[in-house]
Amino acid sequence: MRTNTGAIRPTPLEMNAFLEQNPEIRPSADLASRLASRESLPASVYGLCHFLFAKLDAEDASWFLMRVSDGDGIASSDPIAQLRGRITRLRVRGGRINETEGLAMTIRAWNAHRAGETRTILQMPKGGLTNENSPEPR
94 MRTNTGAIRP
104 TPLEMNAFLE
114 QNPEIRPSAD
124 LASRLASRES
134 LPASVYGLCH
144 FLFAKLDAED
154 ASWFLMRVSD
164 GDGIASSDPI
174 AQLRGRITRL
184 RVRGGRINET
194 EGLAMTIRAW
204 NAHRAGETRT
214 ILQMPKGGLT
224 NENSPEPR
């Protein structure tokens, strides 16, 4: 699995060509470019999450990720609030959001949201992420 390849940057022409060849990802790319910020998740995490979640429920995927970004109307026990809190704590300490962990935390929050569960904490597996314990969107 290739992760954290931020040093490899496609040119604008390469990105446009890729979007033309894969039009199904354009809504995810558009949403990611609107939501990503220094205070939140990287665009790569927003885009991939939207693409994966939209296969399950496109409307809920957009709503969920917009609430991750803005927190509007989210109760403190909502998994989205726990994800936002985790992101904020990492950012306040000057930390960069690791894309792999950001993706896993967002998928965990999505799965809890979809199951109607509440959360008081959102954490990674003990011992870190592996291919065996990486969450999959449900």
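Numbering (our numbering), first residue to last: 94 to 231. Glycine included, every Cβ here is placed at the ideal spot set by N, Cα and C. Fair warning: this is a prediction, and the values are worked out from it, not measured in the lab.
Residue environment, Arg105, which counts as buried when at least 16 other CB atoms sit within 10 Å = Looking at the sequence shown, residue 105 is not Arg but Pro. Classification of Pro105: exposed, given that the 10 Å Cβ count is below 16.
Using 10 angstroms around the beta-carbon of Val161, count the other beta-carbons present and answer buried if the total reaches 16, otherwise exposed.
-> By the Cβ neighbour-count rule, Val161 is buried, with 16 or more other Cβ atoms within 10 Å of its own.
If you compare alpha carbons, which of Glu132, Ala154, Ile214 is closest to Ile190?
-> Taking only the C-alpha atoms, the option nearest Ile190 is Glu132.
Using 10 angstroms around the beta-carbon of Thr199, count the other beta-carbons present and answer buried if the total reaches 16, otherwise exposed.
-> Here Thr199 is buried, its C-beta having at least 16 other C-beta atoms within 10 Å.
Ignore the nearest five residues each way along the sequence and tell me which others in Pro135's own chain have a CB closer than 7 Å to its CB.
-> The beta carbon of Pro135 sits closer than 7 Å to those of Ala129, Ile190, Glu192, Gly195, all from its chain and outside the five residues before and after it, given in chain order.
Specify, as a first and last residue, the run of the alpha helix (DSSP H) that Gln216 falls within.
-> Element bounds for Gln216: n/a, residue is neither H nor E.
Go through its chain and collect everything with a Cβ distance to Leu183's Cβ below 7 Å, but skip five positions before and after it.
-> Excluding sequence neighbours, Leu183 sits near Ile190.
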